[in-house]
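The block underneath contains the structure these notes are about, expressed in structure tokens.
In the numbering used here, the protein residues as written are 4 to 158.
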């Protein structure tokens, strides 16, 4: 990583931050892509030019909940220090409330994605096993269906 005047450059595939790291800034991508992963390696999304990442933990004042890795090429970003985000939020209470609620929904969505991916992985491992236990697979699929039924999908 190279930093100068709140401009940061990460090399291709460079770790930007990891799950559990302390949070002191968010970043606005100027060039390149950043990939976001759960602690178990599930790809949650890709952030590109004109998009912000790292804001959730800054806004909620928590440690990083995802892993951020530079994409296939260098990433250039503008650092948004925590105090700048805090000032922006303090200036507009309505925007602050919207941002906070959106960030909480994002965390919940990330957790649900990880949970469903783990369930599917478990089922796939059972199917790959030469001595397949059909009852166990059916039970896991039923549990997965129940989880999906409790989630609300918006068109």
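Note that CB positions come from ideal geometry on N, CA and C, so glycine has one too.
If you're wondering where the values come from, they're calculated on a predicted model, not measured in any experiment.
Status (buried if at least 16 other CB within 10 Å, exposed otherwise) for residue i
i           : result
residue 59  : buried
residue 29  : buried
residue 113 : buried
residue 98  : exposed
residue 130 : exposed
Span of the beta strand (DSSP E), counted from its first residue to its last, around residue i
i          : result
residue 5  : 5 to 7
residue 82 : 78 to 84
residue 10 : 10 to 13
Span of the alpha helix (DSSP H), counted from its first residue to its last, around residue i
i           : result
residue 128 : 96 to 131
residue 59  : 58 to 63
Any non-hydrogen atom of the ligand PLP closer than 7 Å to residue i Cβ
i          : result
residue 29 : Absence of the ligand PLP is noted for the structure shown, with no ligands found whatsoever.
For residue i, the three-state DSSP class (helix, strand or coil)
i           : result
residue 36  : coil
residue 135 : coil
residue 174 : This structure cannot settle anything about residue 174, because the visible part of the chain is limited to 4 through 158.
residue 70  : strand
residue 145 : helix
According to DSSP, residues forming a beta bridge with residue i
i           : result
residue 49  : 38
residue 43  : BP columns for residue 43 are empty, so no partner.
residue 55  : 31
residue 151 : None, per the DSSP bridge assignment.
residue 18  : 72
Chain-order list of residues whose beta-carbon lies under 8 Å from that of residue i (same chain, five-residue window excluded)
i          : result
residue 67 : 20, 21, 22, 23, 24, 25, 26, 57, 60
6 Å Cβ shell around residue i - same chain, five flanking residues per side excluded
i          : result
residue 84 : 28
Same chain only: Cβ atoms within 7 Å of residue i, ignoring 5 sequence neighbours per side
i          : result
residue 52 : 32, 33, 34
residue 41 : 47, 69, 113, 117
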